[in-house]
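Scroll down for the structure; my scribbles are underneath it.
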Amino acid sequence: MAPRLKTLYLQEAVPALMASGRYTNRLQAPRLVKIVVNMGINSQAEREAVKNAADDLARVSGQRPVVIKARKSISNFKLRQGMPIGVKVTLRGDRMYEFLERLISAALPRIRDFRGVSPKSFDGRGNYTLGLKEQALFPEIRPDQVKKPQGMDITLASTARTDAEMRELLRLLGLPFAAA
């Protein structure tokens, strides 16, 4: 069974984008390609922190994360080459749409005083990034089992050429933008 957000994209968003007159073919309409979820780790007790972050990210995304290691040593940050500094997961296909659905319908409404996501977080090439301050916003994470609140960055990559195209796509998919 296809995710609800994928059917929404195919049945409502694509025809709405086509009606704007900018596209002559359904395949020209912008679409999501991948979602990258990244959790940086800032802890000296690295093994436990990496394991906890990886477990939480696996629970949230439904996919095993990759441990990111430092490329070079930086003495001011007490960082050595090869030390784990974060975990990330790249979601594509149905898992991507399911994660975005949970983000929009479950995680974002749990943010205190939430008025919408920033409309300024586009990169100029049709990608959007937002940051969350803690992983406990997702219903898969039980707040009483969180040892240390850990933030995460979520990047939505698309085939959109401009920020306006991506903004319209995300608006049609239901991502709530704050009033500018």
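According to our numbering, the sequence shown is numbered sequentially starting from 1062.
All C-beta atoms in this analysis are idealised placements derived from N, C-alpha and C, irrespective of residue type, glycine included.
Treat the numbers as computed from the prediction; the structure is a model and nothing was measured.
Would you say residue 1152 and residue 1112 are within 8 angstroms of each other, going by their C-beta atoms? The count along the sequence shown starts at 1 and reaches residue 1152 at position 91. The count along the sequence shown starts at 1 and reaches residue 1112 at position 51. Not closer than 8 angstroms, so no.
Are the CB atoms of residue 1219 and residue 1230 nearer to each other than 8 angstroms? For this step, residue 1219 is matched to residue 158 along the sequence shown. For this step, residue 1230 is matched to residue 169 along the sequence shown. Result yes, Cβ atoms of residue 1219 and residue 1230 sit closer than 8 angstroms.
Tell me the DSSP bridge mates of residue 1190? Taking the first residue of the sequence shown as 1, we reach residue 1190 at position 129. For residue 1190, which the question treats as bridged, DSSP gives the partners 1216.
Which residues bound the beta strand (DSSP E) around residue 1091? As a working mapping, residue 1091 is identified with position 30 in the sequence shown. Element bounds for residue 1091: n/a, residue is neither H nor E.
Residue 1118 versus residue 1210: straight-line alpha-carbon distance, rounded: Numbered from 1 along the sequence shown, position 57 holds the residue referred to as residue 1118. Numbered from 1 along the sequence shown, position 149 holds the residue referred to as residue 1210. Approximately 12 angstroms, taken between the alpha carbons.
To the nearest angstrom, report how far apart residue 1222 and residue 1089 are at their CA atoms. For the purposes of this step, residue 1222 is taken as the residue at position 161 of the sequence shown. For the purposes of this step, residue 1089 is taken as the residue at position 28 of the sequence shown. Near 10 angstroms, if we compare the C-alpha coordinates of residue 1089 and residue 1222.
Buried or exposed: which applies to residue 1126, given that a residue is buried once 16 or more other Cβ atoms fall within 10 Å of its Cβ? Counted from its first residue, the sequence shown places residue 1126 at position 65. Its Cβ being crowded by 16 or more others within 10 Å, residue 1126 is buried.
Three-state class that DSSP yields for residue 1062 in the structure shown: Within the sequence shown, the letter at position 1 stands for residue 1062. The answer is coil: DSSP assigns residue 1062 none of H, G, I, E or B.
Neighbour flag for residue 1087 against chain C, beta carbons, 8 angstroms: The structure shown has no chain C; it contains just one protein chain.
Using a Cβ-Cβ cut-off of 7 angstroms (strictly less than) and excluding sequence neighbours within five positions of residue 1124, which residues of its own chain qualify? Residue mapping note: residue 1124 aligns to position 63 of the sequence shown, counting from 1. Cβ within range, chain order: 1150, 1152 and 1156.
What do you reckon, are the CB atoms on residue 1134 and residue 1160 nearer than 8 angstroms? Within the sequence shown, the letter at position 73 stands for residue 1134. Within the sequence shown, the letter at position 99 stands for residue 1160. Result no, Cβ atoms of residue 1134 and residue 1160 do not sit closer than 8 angstroms.
Which same chain residues end up closer than 6 angstroms to residue 1224 when comparing Cβ atoms and leaving out the 5 residues on each side of it in sequence? As a working note, residue 1224 is residue 163 in the sequence shown. Answer for residue 1224: 1183, listed in chain order.
Taking 8 angstroms as the cut-off, decide whether the C-beta atoms of residue 1168 and residue 1199 are in contact. Here residue 1168 refers to the residue found at position 107 of the sequence shown. Here residue 1199 refers to the residue found at position 138 of the sequence shown. Taking 8 angstroms as the Cβ cut-off, residue 1168 and residue 1199 qualify as a contacting pair.
Taking C-alpha atoms, which residue in 1114, 1190 and 1077 lies nearest to residue 1207? Translated into the one-based positions of the sequence shown, residue 1207 becomes position 146. Nearest C-alpha to residue 1207: 1114.
Counting along the chain, where does the beta strand (DSSP E) carrying residue 1076 start and finish? Counting from one through the sequence shown, the residue named residue 1076 turns up at place 15. Not the beta strand (DSSP E): residue 1076 falls in the alpha helix (DSSP H), residues 1075–1080.
Taking just the CA atoms, how far does residue 1214 sit from residue 1194? The residue given as residue 1194 occupies position 133 in the sequence shown. The residue given as residue 1214 occupies position 153 in the sequence shown. For residue 1194 and residue 1214, the distance between alpha carbons rounds to 9 angstroms.
Exposed or buried, residue 1246, counting other C-beta atoms within 10 Å across all chains shown (16 or more means buried)? No information on residue 1246 is available, as it lies outside the stretch 1062 to 1241 that the chain covers here.
Please return the same chain residues whose Cβ sits closer than 7 angstroms to the Cβ of residue 1250, not counting the five positions on each side in sequence. Examination of residue 1250 is not possible in this model, given that the chain is present from 1062 through 1241 alone.
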